[in-house]
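All remarks here apply to the structure that follows.
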Amino acid sequence: MAWTLLVLAGLLEVGWAIGLKYTEGFTRPLPTVLTVASMIASMALLGLATRTLPIGTAYGVWVGIGAVGAGILGIVLLGESASPARLAFMALMVVAIIGLKVTS
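If you use the working numbering, the sequence shown corresponds to residues 18 to 121, in order.
Here is the structure:
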């Protein structure tokens with residue numbers, strides 16, 4: 018159950034990271050409300066997951082999911098660079114996330 022909560026927290030982190038771009042400096046009300054709600058929900062789920070998972074593992078996985086997800090959506094939605102090096106380093110983050118899961 019803790020891993021499910023952690024993955025959901027990571028996905029919500031992706032949502033708020035991308036949402037920051039759409040708030041335009043917190044000047045657009047709807048994107049701002051959705052982004053802040055996603056932040057709160059993400060933190061709450063992370064907190065619940067850390068009841069049973071080690072903090073280093075939980076935080077590392079949460080950040081990793083957020084970073085990789087935001088990177089992918091940045092490429093798809095925002096036209097950011099999809100250079101081979103960038104994709105390779107995102108793949109390394111995925112390997113690290115899997116490694117943390119396997120060793121926990």
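Note that the Cβ used here is the ideal one computed from N, Cα and C, for glycine as well. Source: prediction; values computed, not measured.
**Request:** Specify, as a first and last residue, the run of the alpha helix (DSSP H) that L70 falls within.
**Result:** Along the sequence shown, one-based indexing puts residue 70 at 53. Per DSSP, L70 belongs to no alpha helix (DSSP H) and is neither H nor E.
**Inter-residue Cα distance where the pair is V53 and G116** = Position 36 of the sequence shown, counted from the start, is the residue given in the question as residue 53. Position 99 of the sequence shown, counted from the start, is the residue given in the question as residue 116. Their Cα atoms are separated by approximately 30 Å.
**Exposure of A61, with buried meaning 16 or more beta-carbon neighbours within 10 Å** = By one-based count along the sequence shown, residue 61 stands at place 44. A61 should be labelled exposed.
**Asked** Counting pairs of beta carbons, one from the stretch 82–92 and one from the stretch 29–44, are three or more of them closer than 8 Å?
**Response** By the Cβ criterion, the stretch 82–92 is in contact with the stretch 29–44, since at least three pairs of Cβ atoms, one from each stretch, lie closer than 8 Å.
**Item:** Beta-carbon proximity list for G73, same chain, < 6 Å, skipping 5 on both sides
**Value:** The residue given as residue 73 occupies position 56 in the sequence shown. Taken in chain order, the list of residues that qualify is empty.
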